[in-house]
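Novice:
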Amino acid sequence: MHTGKVKWFNNAKGFGFIVSPDFDEDLFAHYSVIQSEGYKSLKAGQAVEFDTTPGPKGIHAVNIRLLTVPEEEVKEFS
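Per full-length UniProt numbering: the sequence shown = residues 1 to 78.
Written out as structure tokens, the structure reads:
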């Protein structure tokens, strides 16, 4: 299980990217792998935890769950 923050997410297209100190690249995030009830969306800056799987153009975040801890407690990274 990894942690990170949402870099950006386009609700209209249903995808975006997550950044994590565990990876040197941005991770692809699709709305279909967000673990929540109702409308599945993410907002830039939200803290998340996730698993990963290889994708055709890089690493994909899967089993994405929102973290309820304050954002300042999530590892800092660029």
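From the three backbone atoms N, C-alpha and C, an ideal C-beta is built for every residue, glycine too.
All of these numbers come straight from a predicted model, not from anything done at the bench.
Look at the Cβ atom of residue 80, then the Cβ atom of Phe-15, and state whether they are nearer than 8 Å.
Specialist: Only positions 1 to 78 of the chain appear in the structure, and residue 80 is not among them; the question remains open.
Novice: When you compare only the Cα positions, how much space is there between Ala-12 and Tyr-31?
Specialist: Ala-12 and Tyr-31: Cα-Cα distance of roughly 10 Å.
Novice: What separation, rounded to the nearest whole angstrom, lies between the Cα atoms of Ile-59 and Lys-5?
Specialist: Rounded to whole angstroms, Ile-59 to Lys-5 spans 15 Å at the Cα level.
Novice: If you measure from the CB of Gln-46, is any heavy atom of the ligand FAD nearer than 7 Å?
Specialist: The ligand content of the structure shown is nil, which means the ligand FAD is not present either.
Novice: By the DSSP assignment, the beta strand (DSSP E) with Ile-64 in it spans what residues?
Specialist: Note, Ile-64: beta strand (DSSP E), 58-66.
Novice: Tell me where the beta strand (DSSP E) around Ile-18 begins and ends.
Specialist: Element bounds for Ile-18: 15-19.
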